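Written out below as structure tokens is the structure these notes cover.
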Amino acid sequence: MSPARGNKYMTASPATRVLGVVAVAAALLMALLGLIVSPADVVQGQAVRMLYLHVPSIWIAYGAFVLTAVSSALFLIRSRRREDSGRHHDRLAGAAAEVGVVFAGITLVTGMLWGRVTWGTYWQWDARLTTTVLLFVTYLGYLALRRLPADPMIRGRRSAVMALISIINVPIVHFSVDWWRTLHQKASLSVGRRPEITGEMYWTLLYSTLAVTIVASWLIVHRYRVIRLEELRDEEALNALIASRLREDE
Amino acid sequence: MSTVVDFQKVVAVAGGFPVLAGLDIEITKGEIVHLRGSNGVGKTSFLRACAGLLQIQNGDATVLGFDLRDDRIAPRRYIGLLGHENHLYKDLWVREHLEFRAAAVGADQHDVEAALQRIGVSERLWAVPIERLSAGQRRRVAIASVLVGRPQLWLLDEPHAALDREGREVLDEILIDAASSGATVVLASHERDLSKSVTSRVVTLRGGRLWEDSGAA
Amino acid sequence: MLHEVLLIARKDLRVEWRSKVTLGQVAPMGLLVLVVFAFAFDANTRLLELGAGGLFWVAVLFGGTLLIQRAFEVETDDGNFDAFRMSTIRAPSLFLGKSLGIFIQVVLLELVLGPGIVLLYNVRIDDWLLLLAAALGGTLAFSVCGVLWGVMAAGTRVRATLLPLLLVPILAPVLLAGSRAFETAFGVRAEAGWTWASLMFVIAAVHAAVGMGTFGFLLEES
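Just so you know, the sequences run in chain order A, B and C. For the first sequence, position 70 matches number 69 in numbering that gives the first Met the number 0, and the numbering has no gaps at all. For the second sequence, position 199 matches number 198 in numbering that gives the first Met the number 0, and the numbering has no gaps at all. For the third sequence, position 185 matches number 184 in numbering that gives the first Met the number 0, and the numbering has no gaps at all.
So, in structure tokens, the structure goes:
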């Protein structure tokens, strides 16, 4: 592929190459800090290291879903003014949602493993895991909705509405589930999960969040590109069909 | 003579396929146009595009003075669409269904009875659930649903299907009456002997475009 | 606008009246679900009594989802969706009309399930006002959410399986709130049942507002 062609299909650019390298380096550093440099917890021991992946993942998932909602809103606004504009917002919404689902999934898996080690069970119906599960399934539904065959603008608008309602639903779910679990606080449940985060642990957590953000950004950019390529392919196929129909019986 | 439908090089896409691929056609008020062509050629798509149900990808399309690329919902109140299917609520009685359709377009109950009588659905059937009617009777009820709205533009897809000879004659009369009182009729049909009695113009589509036109205005 | 809303609702209810799907099929199924829960819980009367609030709402969820699917089936059958879109009735009225129709049908379902849990799970009702408020809030929320999400999943081949996937995460807070409010009304727990009930009204209001604003372009699928 010649450089010119590479530019047309936007599969690479200097900026994202740098981002990629930085992402790999950041992840390696995060592993180093999280697994080796930072101290074990007084109460939990080595298990506390799960924190460095579990907590940033859910924050990134939320960030991704907020990005989906904002892109969806922009898409709806843009597509009102002119029939076919704003597609890039729709693509970003889809890419961000996929990455968000992946990180929500990571949150769940790390949460369950962490629970197994600290509580002895995979699931304790605590507020965090329960809201994450609902979030996860909600956006799985969003991805399912996006896969329904339809004209891209129609599908985009439908998905955009869902994204906006889903993000409004997030605080509602939070409030209800949090309150529900608070009312049920029993001594055996509340203990053990939130360790004292000070000093090195604090900085490691902060850094991990940064590292995960960089990795997630790289993922979103490239998922966006893949979506764009898929759309280009469909568009070219359609144009070919139209052209061949126009040439019929001439 | 005003133009009711004006399509210029219209391209419309449905399900990833260009169902209309550069259609040019102009229809003026009072015409009864017979749309012909083999299966898959775009007749149904053209009707749906006129009804604003299909998105216009390229070209210019104006229906009843409304630009379909700006607002394809506005013309619907003046249009009566009858598709392949009947659009009937099969659990309802004939009369209940018509009353709903009439109320939904602002027509009154008097119009309901008039429409049913006109199309030849006998009164003893009015309190019968639609699902118990024969195919031909259902088609008549479907036609009555369009009739009751007194549309300015009739878009009919195989309206004669399932009708017996008497039903066809009644329908033809209704269409002629409608056209002479200022409405415009476009009907897609495989019927061969249709053209001679009812329509003023025969348009043949092929490959999503206009192929033959017996009498452009 | 009210006239149009009532027109749609009346039509839906008349279809229901003629076909007797709610009373004839969904309500008996709901009762069956209540019975089957007893099998699942090994007829442990204490557990059933404690869980009655939640089990009621789960049964409503199952039955209600069927009702919503049916409500949209009526509109997509026989090419009706095109007629629905061609109608001169404005989209917000269509939305509210369908929601009202569903609301009444779900209320009918609850009128069967309610006595069901009282009889089968030996429930006693301490706070009637809270119970009715919670039932009202939950049913309102269910109706508007169901219609809004129903139209998103309607008109597609896979809607039967897509609708529950979309609907349940959204209704999870309603299920949560409804169960807790009912339990408080049954005297099984002493919690702020009224806060839970209010939450359901808030959810209903939010979805109703979004529904009225977006139903119009959600109807266009092609």
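Ideal Cβ placement from N, Cα and C applies to all residues, glycine included. Because the structure is a prediction, the values reported are computed rather than measured.
According to DSSP, what are the bridge partners of residue i?
i	result
B:GLU211	B:THR203
B:GLU25	B:ASP5
B:PRO17	B:VAL12
B:ASN57	B:VAL10
B:HIS33	B:LEU186, B:VAL201
C:TRP16	In DSSP, C:TRP16 forms no bridge with anything.
B:VAL62	B:VAL4, B:PHE65
B:TRP92	B:PRO128
A:GLY44	A:ASP40
A:ILE334	Since the first residue of chain A shown is 0 and the last is 249, residue 334 of chain A is not available in this structure.
B:TRP153	B:GLY79, B:VAL184
Assuming residue i contacts residue j under a Cβ cut-off of 8 Å, what Cβ separation, rounded to an integer in Å, is found between them?
i	j	result
C:VAL187	C:LEU49	6 Å
C:GLY78	B:GLU157	The pair is not a contact, with the Cβ atoms about 12 Å apart (cut-off 8 Å).
B:VAL120	B:GLN136	6 Å
A:THR67	A:ALA95	5 Å
C:LEU218	C:VAL146	That pair is no contact at about 12 Å.
C:SER86	B:ALA103	5 Å
Work out the CA separation of residue j and residue i for me, nearest whole Å.
i	j	result
C:MET211	C:VAL205	10 Å
B:ARG100	C:ALA26	30 Å
B:ASP171	B:ALA143	13 Å
C:LEU130	C:PRO172	17 Å
A:ILE105	A:VAL42	24 Å
C:SER142	C:LEU166	11 Å
C:ARG69	A:LEU18	50 Å
A:MET200	A:TYR138	31 Å
C:LEU6	C:ALA176	32 Å
B:ASP5	A:SER216	49 Å
B:TRP92	B:GLU211	43 Å
A:ILE166	A:SER70	12 Å
A:LEU34	A:TYR206	13 Å
C:ALA39	B:LEU155	55 Å
B:LEU138	A:HIS173	A small fix is needed here, since residue 138 of chain B is Arg in this sequence, not Leu. If I take the Cα positions, the gap works out to 53 Å.
A:LEU128	B:GLY15	41 Å
B:ARG76	A:LEU147	30 Å
B:ALA161	B:PRO17	30 Å
B:VAL206	A:VAL220	Note on residue identity: the sequence assigns Gly, not Val, to residue 206 of chain B. C-alpha separation (whole angstroms): 40 Å.
C:GLU182	C:ASP125	10 Å
B:THR27	A:VAL100	55 Å
C:ALA153	A:VAL65	26 Å
C:LEU164	B:VAL3	45 Å
Could you tell me if residue i is buried or exposed, where buried requires 16 or more neighbouring beta carbons within 10 angstroms of its beta carbon?
i	result
C:HIS2	exposed
C:LEU99	buried
A:ARG16	exposed
C:ASP81	buried
C:MET0	exposed
B:ARG165	Just to set this straight, residue 165 of chain B is Glu in the shown sequence, not Arg. It counts as exposed.
A:ASN168	buried
C:LYS19	exposed
C:PHE214	buried
A:GLU229	exposed
C:ARG45	exposed
B:HIS86	buried
A:TYR121	exposed
A:VAL23	exposed
A:HIS53	buried
A:LEU31	exposed
B:LEU74	The sequence given here has Pro at residue 74 of chain B, not Leu. Buried, by the Cβ-count rule.
A:TRP124	exposed
A:THR197	exposed
B:GLU95	buried
Excluding the 5 residues flanking residue i on each side, which residues of the same chain have their C-beta closer than 6 Å to its C-beta?
i	result
C:LEU95	VAL4
C:GLY53	SER178
B:GLY79	VAL145, GLY148, PRO150, TRP153
B:GLU130	LYS89
Tell me which residues share the same chain as residue i and place their Cβ nearer than 7 Å to its Cβ, disregarding the 5 neighbours each side in the sequence.
i	result
C:LEU65	VAL25
A:ARG145	GLY93, ARG154, SER158
B:ALA217	Within the shown structure, residues of chain B are numbered from 0 to 216, placing residue 217 of chain B beyond reach of any answer.
A:ARG222	ALA94, GLU97, VAL98
Identify, in the order they occur along the chain, each residue of the same chain with its Cβ nearer than 8 Å to the Cβ of residue i, setting aside the five sequence neighbours on each side.
i	result
A:GLY5	Unreliable placement is indicated for A:GLY5, whose pLDDT of 48 sits below 50; the coordinate value is still reported in the next sentence. So the qualifying residues of the chain are ALA11.
B:LEU204	LEU22, LEU34, ARG35, GLY36, VAL40, GLY41, LYS42, PHE45, TRP210
C:GLY233	Nothing can be reported for residue 233 of chain C, as the shown portion of chain C is limited to 0 through 221.
C:ALA159	GLN68
A:ARG90	TYR223, ILE226, ARG227, GLU230
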